[in-house]
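Reading through the structure tokens given below for one structure.
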Amino acid sequence: MKYVIELQDGSSKRWDIENYANVGSDSNCSIHVQMPGVSARHFRIEVKNDKLMVRDLLSEEGTFVNSAQIIECILTDGDLISAGYADFVVHDLEKVKNEFPLKSKSEFWNQQLQTLGSVAETDYPVLLLGPSGTGKDVLTKNIHYASHRRSAPFLSVNCSALTETLIESELFGHTRGSFTGAIADRKGAFEAARGGTLFLDEIGDLSYSLQAKLLRAIENTEIRPVGSDRTIKTDVRIIAATHQDLRQKIEDGLFRADLYFRLNVITVDVPSLKDRLEDFDDLLYTFAREMKVRFSYNAIISLRKHDWPGNIRELKNLIARASALYPKAYITEDHIELLLNKRDRLSAVMGAAGNGGTRYAAPQSSSAPSLSVIREIEKQMILKRLAANHGNQKLTAIDLGIPKSTLHDRIKSYNIDVKAFKA
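Numbering (this note's numbering), first residue to last: 1109 to 1531.
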């Protein structure tokens, strides 16, 4: 038996549990986690008689397994351990090898998911297609951890987030002095992920010239760092994802057909949330438990009627918004219209938020004054969560349900001085 616990903060930090490990904020703990609410020695996790056990170490805020407070209990694959603001998921690697961990109540989607257990054990490229916000990144991580490469690195590169020079350096590395700002040699993702999995997100945004270099890297299993005259052999499994229609981009001359067919060995069409509403309640309850939000029956019925153009990401953000705007409140049907950002209720939201606000998507065909109000709501919520987290941007991004890079952009856009919160 081999067990692993994974910290659920977006960092994918994992620890093998062979005998036992103490978890806490004290640096002497073998699993050292500094997050609000985590005691110096919070809980112990250990293997006894081939079973994984967790025991609370008289922590201040208690230890919870699947939202139930425990003193000691037996753990199984997929259990959620909560200690303050830190959440850990238990993985039984023997089960992971035999069965793909993700399941769905939607029959057609569950059939696709269950084929991925055998797909994960191969080294073939996987191409994930589907709308933004459908959880392609979560699917990718599960493919990696269900594979024989699970003990090697998992790296993700967003192909739309960087300039052409920087994305080439990010993928292939660079040598010192190869371009302005290259003050030292740097490994690229292909080399850093050696033996593991490289996730190329938004592959459809990669420039045409870089597509050729990526194709050569995949076919020849070797790369050449920017500014170098030597090649480096690689060993990575490629998983790519995009929300774009790659066939249409090929017809428009924007995407290479040879790269498409090289990536298109195994294709997974990830459905939108509205096409797998059978999973809606489970997803909602999962996020609600994580963010400590309670919804009434009528509120859930109202949410099910929404179109969810932003898919699972939009649902997660809404629950984060509810947690921030109405902490410890019972969310009823009356709250839903405000949480869904109805244009005619923006002023009411502003009043409810007080000195807080949250990340709001601008309504289609909205006026300039409405956009101004939305930006102010967003800014105030960022300020509120930064204050609560003493300037910690990672925790603030988790609270708001947005990527840390997006939060960084918002902080820069609103000229927010993060140092003031740290002081």
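The beta carbon of each residue, even a glycine, is placed where N, CA and C say it ideally should be.
- In the DSSP assignment, V1265 falls outside any alpha helix (DSSP H) and within the unbroken beta strand (DSSP E) covering 1262 to 1266.
- Considering only F1196, N1497, V1401, the residue with the shortest C-alpha distance to V1526 is N1497.
- Residue state for Q1352 is assigned as coil, using DSSP reduced to three classes.
- DSSP, reduced to helix, strand and coil, places T1184 outside both helices and strands of the structure shown, so it counts as coil.
- Spatial neighbours of C1267 in its own chain (CB-CB distance under 7 Å, excluding positions within 5 residues in sequence) are listed in chain order as I1275, L1308, D1309, E1310, I1311, D1313, L1314.
- DSSP, reduced to helix, strand and coil, places E1114 within a strand of the structure shown.
- Contact between the region 1239 to 1248 and the region 1375 to 1388 is present: 3 or more CB-CB pairs across the two stretches fall below 8 Å.
- Between the alpha carbons of W1416 and T1339 lies a gap of roughly 46 Å.
- Along the region 1109 to 1172, the beta strand (DSSP E) occurs as fully enclosed runs of 3 or more residues at 1111 to 1115, 1122 to 1125, 1128 to 1132, 1151 to 1156, 1159 to 1164, listed in sequence order.
- Cβ-Cβ separation between T1248 and I1326: approximately 17 Å, too far for a contact (criterion under 8 Å).
- Under DSSP, R1345 takes part in a beta bridge, and its partners are T1305.
- For L1236, the enclosing beta strand (DSSP E) stretches over residues 1234 to 1237.
- Membership of H1414 in any alpha helix (DSSP H) is not indicated, and neither H nor E is assigned to it by DSSP.
- In this chain, D1195 is not harboured by any alpha helix (DSSP H); it is covered by the beta strand (DSSP E) spanning 1194 to 1200.
- In the pairwise beta carbon analysis, the region 1343 to 1359 is classified as not touching the region 1388 to 1403: fewer than three pairs are separated by under 8 Å.
- Note that the region 1322 to 1336 touches the region 1361 to 1372; at least 3 beta-carbon pairs, one per stretch, sit closer than 8 Å.
- Minimum Cα-Cα distance from L1160 among the listed residues L1508, I1113, A1396 corresponds to I1113.
- Counting only unbroken stretches of 4 or more residues, the alpha helix (DSSP H) elements lying wholly within the region 1490 to 1529 are 1501 to 1508, 1512 to 1521, in sequence order.
- Taken through DSSP and simplified to helix, strand or coil, V1227 comes out as helix.
- DSSP, reduced to helix, strand and coil, places D1390 within a helical segment of the structure shown.
- A Cβ-Cβ distance of about 14 Å is found for the pair A1505 and F1529, leaving them out of contact under the 8 Å criterion.
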